[in-house]
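Undergrad: According to mature numbering (1 follows the signal peptide of the UniProt record, and there is no 0), the residues represented by the sequence shown are -24 to -1, 1 to 339, in order.
My questions will all concern the structure given below.
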Amino acid sequence: MPNVSRVKMALMVLFSLSLTLVLGVLLPDSLNLVARLCGFTETTVTHSIVLVYFLFVLICVAMPNLPRGSVKVEGKAVFITGCDSGFGFALAMHLHALGFTVFAGCLQKVKEGTGVRKLESMKSDRMKVVQMNVCSEEEVAETVKCVRKHLQETETSLWALVNNAGVSTFGEVEFTSLETYKQVADVNLWGTIRVTKAFLPLIRRAKGRVVNIASMFGRMSNSSRSPYCVSKYGVEAFSDCLRYEMHRWGVKVSIIEPGNFIAATGILTRDIVMETADKLWKEAPQIVQEDYGRAHFDRHVSVLKSYCNSGLRDVAIVIKDITDAVMSCYPYTRYNPMDAYWWIRLLIMTHLPAAIADRLYIY
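Here you go:
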């Protein structure tokens, strides 16, 4: 068996030679042929590369603004999880205003939370607030029965499923219990899979959409967020696999990867940070407490508390992207609603060698 390192080196050399041939010979010759046919001046290798790069940038800038058409909302319903607050609540209101029948899945319907009261106060036939804990097989199954019955009675199709319900937490690996990893994954990952599998027959027959709310931390990791990152990486993988499988059925699967919206959604507050920190310290093994020390732990908690008011405060760009994924005739595979800092960091951490990203963001 050949040495793997030598094979990789040989492939890299072959790729470099091929790229040099294309950019240095074939591209200029092709452009010059077109130039002669059109009566323009012939170009150099440098000019050719600059021209191609300019066209590439122009296409990247223009593509998001090109019209891709929108589906008609008449006779279409959307099911959204996690509508008690945050993205889910805002999306339910927005899609209802556009004319969709909205099934707003809420964890706190029986407790009549603030979001539930506002949605129910609309008194609209097209706004259906339903109790659903994405971690409960029984509640999910019962919700599917109710939705199916309503669709039959109103001759409506379930056009889109938006898996938005999610929780977050923090903690370094040695301070975080295995139970915490399971609890976060049960909502963010297994909840997404559970709800998708339950509603997929309805979505498939409508040739509709599945929109999964992942995170930028589903593409890049961050210190003290491993339970959250693990669950969102799982959502990304599940969504990719589902997209491959649903292609033959005409179902589009999109992933939304929001940046930092902590201030807007309240997914982490100072009270939550303090409560979680106390739990982390009390449950940490003695050897971990001794090696890390309370001073290190407290400094870390102080930094996390400062994040509670960070990030974008307006969820409009997230709602805009989810709406596009639901309504566009040609939705994107991934959407990145985030500010410039996190967008650049995401590109660096996903497209450049890990050694460069580590040097910039770890060392």
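C-beta: ideal position from N, C-alpha, C; glycine also.
Owing to the predicted nature of the structure, the values given are computational and were not obtained by experimental measurement.
For the alpha helix (DSSP H) that contains Gln128, what are its first and last residues?
TA: That run of the alpha helix (DSSP H) goes 113 to 130.
Undergrad: Taking three-plus beta-carbon pairs below 8 Å as touching, is the segment 40 to 53 in contact with the segment 110 to 119?
TA: no
Undergrad: Roughly how many angstroms lie between the CA atoms of Met(-24) and Ala(-15), to the nearest whole one?
TA: Only weak support exists for where Met(-24) lies, its pLDDT of 43 falling under 50; the value from the coordinates is given anyway. Cα to Cα, the separation comes out at about 15 Å.
Undergrad: Please state if the CB of Gly194 and the CB of Glu212 are separated by a distance shorter than 8 Å.
TA: It is a contact, given that the beta carbons lie within the stated cut-off.
Undergrad: Could you work out which residue in Glu148, Gly58, Phe237, Val86 is closest to Asn198 when comparing CA atoms only?
TA: Glu148
Undergrad: Would you kindly check if the distance between the Cβ of Arg201 and the Cβ of Phe151 is under 8 Å?
TA: Contact flag unset, no.
Undergrad: Does the Cβ of Pro329 have 16 or more other Cβ atoms within 10 Å, making it buried, or fewer, making it exposed?
TA: exposed
Undergrad: State the beta-bridge partners of Cys82 as determined by DSSP.
TA: Per DSSP, Gln107.
Undergrad: Kindly indicate which three-state DSSP category Ala136 falls into: helix, strand or coil?
TA: strand
Undergrad: To which residues does DSSP link Val54 through a beta bridge?
TA: Per DSSP, Val78, Ala136.
Undergrad: Take Lys158 as the anchor and find which of Ile179, Val187, Val206, Lys121 has the nearest alpha-carbon.
TA: Val206
Undergrad: Could you check how far apart the C-beta atoms of Lys208 and Ala190 are, in whole angstroms? I think they sit under 8 Å.
TA: Right, the Cβ-Cβ distance comes to about 5 Å (below 8 Å), so this counts as a contact.
Undergrad: By DSSP's criteria, Arg185 is part of a beta bridge. Which residues make up the other side?
TA: Ala136, Lys228
Undergrad: Please work out which residues of its chain come closer than 8 Å, Cβ to Cβ, to Leu71, disregarding the five sequence neighbours upstream and downstream, and give them in chain order.
TA: Val54, Ile56, Val78, Thr299, Val302
Undergrad: Whole angstroms are fine: how far does the CA of Met69 sit from the CA of Leu92?
TA: A quick correction: the sequence has Val, not Leu, at residue 92. So the two alpha carbons sit approximately 12 Å from each other.
Undergrad: Between which residues of its own chain and Pro264 is the CB-CB distance below 8 Å, once the five residues before and five after are set aside?
TA: It should be pointed out that residue 264 corresponds to Val in this sequence rather than to Pro. If we look at Val264 and ignore the five residues flanking it on each side, its Cβ neighbours are Glu150, Phe151.
Undergrad: Does the distance from the C-beta atom of Ala331 to that of Met325 stay below 8 Å?
TA: In this structure, Ala331 sits away from Met325, with a CB-CB distance that is not shorter than 8 Å.
Undergrad: Alpha carbons only, please: which of Leu42, Thr90, Gln262, Ile179 is nearest the one belonging to His223?
TA: Ile179
Undergrad: Taking buried to mean at least 16 other C-beta atoms within 10 Å of its own C-beta, is Ile35 buried or exposed?
TA: exposed
Undergrad: At a cut of 8 Å, does the segment 93 to 113 reach the segment 179 to 188 through at least three beta carbon pairs?
TA: no
Undergrad: Considering only C-alpha positions, which residue in the set Met196, Pro234, Val(-18), Leu154 is nearest to Val187?
TA: Pro234
Undergrad: Reducing DSSP to helix, strand and coil, say where Arg310 ends up.
TA: Of the three classes helix, strand and coil, the one that applies to Arg310 here is strand, per DSSP.
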